[in-house]
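Residue numbers (the numbering used here), protein chains in the order written: chain A, 236 to 376; chain B, 10 to 393.
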């Protein structure tokens, strides 16, 4: 993939997210009017309808909101078993992701890591943080 | 309840298409067979139909099917609301008939997903779509992993168990054993479900619906036309729909579906409550679905669905008969079950169901679902 192609990955609204991914920075939107964070990006704030949304770097820490282990063949690029999760970023928004690394349960703390890909920008995945579980359990989204 | 007996909207005819493995038909010819059968029940022919409601019958589905059946509708709807489209079509048709924009509505669907081996576990998303960017790279088995994520969260928050999920599959199978048209009729135990292969934790293979060919047709009309039906017409007391998300990451709460919205609308219009309902046909694509639906429709409190479905409550002779055909888990799942939920509910209210008949069935609910708990649609039906 050429630099130009990588820089135009995604669509015009999501491109900044993928440009951040190239630098291993997890970018989400923050509303300058109400302070709410959101992911995936939109050209307005879902919470207060303001147009004043800007990109900010997320802390990169999250809580596992739900978790499944995929055990059937989905397509040739995936080798089961592997873990698919919904994580809740400390800033609030949720993402679908993979869990890598050690043992992990719902409610556990995880931190972003980056999976290099051919033909696409690095993909954010999450691995368990060794410390104590669950600074929040995702119920206060 | 509802309007006076001189008004209202009725289901005047229902039919299944050929079911199971269908080698001697196309999807359109399957619908044609069922349409003529359903219209015969209504005392009508294709010439009487002036409104067409279709999902998953190809691009501009109502247009293609209209041509095939020789129908030139004055009201048409091919809204893609997934498997929830058909209960939503009852809602749309009801509104249109009440507004005199049409008189005879034909709702139709057929699929040969089994014999065409059309089922894939990857979402066929446009590479520029949000799904291709933010979901598919993680390899969720579509749709099983999304339902698994809902089930896992429900278990985490409420202590719902794999045994309780399995009870749903067992109840469906017990009904299927009473239905000669059901695909899976062998005896099934909770242990059988738990020992079936895990596909996406916590869902086992037998927590998942069948993949079969099938479909159906439903005819709606006004009170005056319904009086001429060959069989008893069934009143549509209420209908509602709603949707909340497409991507699972955007679902407001993984344990609450838009069934809360659709059932509030449908029960409100019908003027009935869950305690008035004699049987439920919930869209049982997965065992967790039924537990969520019963909670969200108000048959039990949120979080209590696992305990509610235990001890045979949903099965033959149980306090709340559900999935009385055998459902998507054991009777038929053609990829969009919603139409067949209506067919079974109407037959139960007509008391045509032989060994699986729910005694004295007076009020039934058909509850459709589409996507990944994305869309919900609820219909309340009554025998008058």
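For every residue, glycine included, the Cβ atom is placed at its ideal position computed from N, Cα and C. It should be emphasised that the depicted structure is a prediction, and the values quoted were computed from it without experimental measurement.
In the DSSP assignment, residue 253/A falls within the alpha helix (DSSP H) that extends over 250–257. For residue 174/B, the uninterrupted alpha helix (DSSP H) run begins and ends at 171–185, by DSSP.
For residue 302/B, the uninterrupted alpha helix (DSSP H) run begins and ends at 296–305, by DSSP. The segment 61–77 of chain B and the segment 321–337 of chain B do not touch, with fewer than three beta-carbon pairs separated by less than 8 angstroms. Looking only at 91/B, 165/B, 226/B and 222/B, the smallest Cα-Cα distance to residue 21/B is reached by 226/B.
A residue is called buried once 16 or more other Cβ atoms fall within 10 Å of its Cβ, and residue 351/A, having fewer, is exposed. Per DSSP, residue 331/A lies in no alpha helix (DSSP H); the unbroken beta strand (DSSP E) holding it starts and ends at 329–334. Taking 7 angstroms as the CB threshold, residue 162/B lines the interface with chain A. For the pair residue 288/B and residue 330/B, the CB atoms are nearer than the 7 angstroms cut-off. When DSSP states are grouped into helix, strand and coil, residue 370/B belongs to the coil group. At a cut-off of 7 angstroms between beta carbons, residue 248/A makes no contact with chain B. Only 309, 310, 313, 317, 319, 321, 329 and 330 from the segment 308–330 of chain A bring a Cβ to less than 7 angstroms from some Cβ of chain B. In this structure residue 87/B is buried. Its beta-carbon is surrounded by 16 or more other beta-carbon atoms within 10 angstroms. Per the coordinates, the alpha-carbon of residue 335/A lies some 7 angstroms from the alpha-carbon of residue 318/A. For chain B, the residues of the segment 330–346 of chain A that bring a beta carbon within less than 8 angstroms of one of its beta carbons are 330, 331, 332, 333, 341 and 342, in chain order. With contacts defined as CB atoms closer than 7 angstroms, residue 92/B and residue 346/B qualify as a contacting pair.
The Cβ atoms of residue 192/B and residue 365/B do not sit closer than 7 angstroms to each other.
Under the Cβ distance rule, residue 143/B counts among the residues neighbouring chain A, one pair being separated by less than 7 angstroms. Where residue 357/B is concerned, the enclosing alpha helix (DSSP H) starts and stops at 347–359.
The Cβ-Cβ distance between residue 345/A and residue 322/A falls below 7 angstroms. The C-beta distance from residue 100/B to residue 248/B rounds to 4 angstroms, short enough to fall under 8 angstroms. Counting C-beta pairs with one atom in each stretch, the segment 49–61 of chain B and the segment 305–315 of chain B have fewer than three that are closer than 8 angstroms, which means they do not touch.
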